[in-house]
Structure formats: C-alpha cells, structure tokens
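Colleague:
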Ligand code: TYD
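Numbering (my numbering), first residue to last: 53 to 266.
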C-alpha cells in the first residue's frame, strides 16, 4: 500500500473533526488525493454501529461487547474505505482510530478489560497494520467538555453517552492517550489543543511535513 494513514485522537471537544477537515484540505492543495473519514461510522453500516455506541445508557454494554462493536466498525472501515484508498495511492485521515478504544474502553474505564484481550482484537482486525502518523490533541478535559456540551445543545439526537461519564473517566482517558504516545513516539505526536483553530492547524501542518515529508 503506498498511500498514508493519519489518525487524529483526543478527548471530548478537543477539535479533532475541525482539524481533520483542515488537514485534508491542506493535503489536497499539495496535490495529494485525500479521503477524510472517521470512526465509529466511516461506512453506511458503521453509522448504524455508531448509533448504538454513542447514544443511550452509559452502562448498556459490558466492556468486551463494547470493544467488539468498535472493532467490528473498525474492520469494516479498514476493508471498505482505508485499505482500498491506500492501495489507490490515496491518503486517509481518520477522525479517531484504535487509540480511542484503548484510551476510552481501557484507561477511561479503569482497565476493566484485559489489555491482552484488547491487543488480540487489534491483531485480528488489523494485523500489523498501523497509522503512519497519529496526532493526539491534548487539552484539559474541563475545557473540552464545555465545548462538547455547547455543541450538543444544538443536536437533535444527542451523542452524549461518553460525555455523561464522571470527570475521573475523562482524566483517565487523557492520561491514557499520553501513555500511548510515550510508548510509541515514532508513531504518535502530542499537540496542545487548547489554542485557536488556526494556530493548531499550523502546528499540525508542521508536524505532518516533518514526519511524512510532503
Ligand atoms: P467522535 O465522533 O469522535 O465524537 P466527538 O467529536 O464527541 O469526540 O466519537 C464518538 C464517541 O465514541 C466519542 O465519545 C469517543 C467514543 N469512542 C470510543 O469510546 N472508542 C472508540 O474506539 C472510538 C473510535 C470512539
């Protein structure tokens, strides 16, 4: 596969989606055919899984079931969107990928799933495939949550299943993302997201240029 795979990760309200769009537009201006996608819900079938995952009671799934649903969505996304696009020399930007499962379902919930089980799921779904670059947008959860609730106020079907968790959950998942970045510095870069849109975009462009040599 000769395309590239870039993932954006972070807690609630960190601005990933806006930055993913801006980065895709930037890469297009550089003549790189780029697909902007997301998890959960990067395919029509995945949107149905997304609906199950992001709405309703916060405790409706046990830990393994919840991970399997994210991984089913991920496998479908990889096989239908990411891998075909990369085989076609395109770059794919995904708004969230597997680090979100580790940060939310493992660290967020205080390790209630076995780490090896989670890693096995990754292996089954993606094998040795991994992103070329992962940008972790980091900010204090209090700031992100405020942004997230402000956005949801205008939504008809409020996607607040995770936002309704306690602050401890959000602090845990932030630490989780930082752990992942520490473990895999060749793949992950942590970026301070508590700044304005243009400054953050410029920083991201700089990192992508340095890491992937555009
Ligand atoms: P997203 O659409 O990125 O929402 P937001 O813009 O609010 O960050 O992701 C939807 C929710 O799904 C979000 O609360 C994080 C959660 N999630 C997991 O818990 N595990 C995962 O593996 C993924 C991909 C997302």
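We put the CB at the ideal spot given by N, CA and C, even for glycine.
Tell me the rounded alpha-carbon separation between residue 81 and residue 115.
Modeller: As a working mapping, residue 81 is identified with position 29 in the chain shown. As a working mapping, residue 115 is identified with position 63 in the chain shown. Their Cα atoms are separated by approximately 42 Å.
Colleague: Would you mind sorting residue 55 into buried or exposed? The rule is 16 or more other CB atoms within 10 Å of its CB.
Modeller: For this step, residue 55 is matched to residue 3 along the chain shown. Burial call: buried.
Colleague: Compute the beta-carbon to beta-carbon distance between residue 189 and residue 260, rounded to the nearest angstrom, for a pair I have assumed lies under 8 Å.
Modeller: For the purposes of this step, residue 189 is identified with residue 137 of the chain shown, where counting begins at 1. For the purposes of this step, residue 260 is identified with residue 208 of the chain shown, where counting begins at 1. Not quite, the Cβ-Cβ distance comes to about 14 Å (not below 8 Å), so this is no contact.
Colleague: Closest to residue 95 by CA distance: which of 118, 111, 122 is it?
Modeller: Indexing the chain shown from 1 puts residue 95 at position 43. Cα-wise, what sits closest to residue 95 is 122.
Colleague: At what residues does the beta strand (DSSP E) containing residue 240 begin and finish?
Modeller: Residue 240 sits at position 188 when you count from the first residue of the chain shown. Here the beta strand (DSSP E) through residue 240 covers 240-244.
Colleague: For residue 165, which residues of its own chain have a beta-carbon under 8 Å away from its beta-carbon, when the five flanking residues on both sides are left out?
Modeller: Within the chain shown, the letter at position 113 stands for residue 165. Cβ within range, chain order: 115, 116, 119, 157, 158.
Colleague: Between the alpha carbons of residue 200 and residue 64, how many angstroms are there, rounded?
Modeller: The count along the chain shown starts at 1 and reaches residue 200 at position 148. The count along the chain shown starts at 1 and reaches residue 64 at position 12. Rounded to the nearest angstrom, the two C-alpha atoms are 6 Å apart.
Colleague: List the endpoints of the continuous alpha helix (DSSP H) containing residue 177.
Modeller: Working through the chain shown from its first residue, we reach residue 177 at position 125. Element bounds for residue 177: 167-178.
Colleague: Can at least three beta-carbon pairs, one atom from the segment 123-133 and one from the segment 167-186, be found at a separation below 8 Å?
Modeller: The segment 123-133 is in contact with the segment 167-186.
Colleague: Nearest to residue 151 by alpha carbon, out of 207, 192, 239?
Modeller: Start at 1 with the first residue of the chain shown, and residue 151 comes out as number 99. Here the closest residue by C-alpha is 239.
Colleague: Using a Cβ-Cβ cut-off of 8 Å (strictly less than) and excluding sequence neighbours within five positions of residue 170, which residues of its own chain qualify?
Modeller: Within the chain shown, numbered from 1, the residue matching residue 170 stands at position 118. Taken in chain order, the residues that qualify are 119, 153, 154, 157, 158.
Colleague: Which runs of the beta strand (DSSP E), 3 residues or longer, sit entirely within the segment 183-263?
Modeller: Within the segment 183-263, the complete beta strand (DSSP E) runs of at least 3 residues are 185-190, 240-244.
Colleague: Is there contact here, the segment 208-217 with the segment 73-90, by at least three beta-carbon pairs under 8 Å?
Modeller: Not touching, per the Cβ criterion.
Colleague: Can you tell me which of 172, 147, 84, 183 puts its alpha carbon nearest to the alpha carbon of residue 68?
Modeller: Position 16 of the chain shown holds residue 68. Taking only the C-alpha atoms, the option nearest residue 68 is 147.
Colleague: Starting from the C-beta of residue 191, find all residues in its chain whose C-beta is less than 6 Å away, skip the five residues before and the five after it, and write them out in chain order.
Modeller: For this step, residue 191 is matched to residue 139 along the chain shown. Excluding residues within five positions, the ones whose Cβ falls inside 6 Å are 66, 245, 246.
Colleague: Can you tell me which of 149, 223, 183, 181 puts its alpha carbon nearest to the alpha carbon of residue 195?
Modeller: Position 143 of the chain shown, counting from 1, holds the residue named residue 195. Considering only alpha carbons, the answer is 223.
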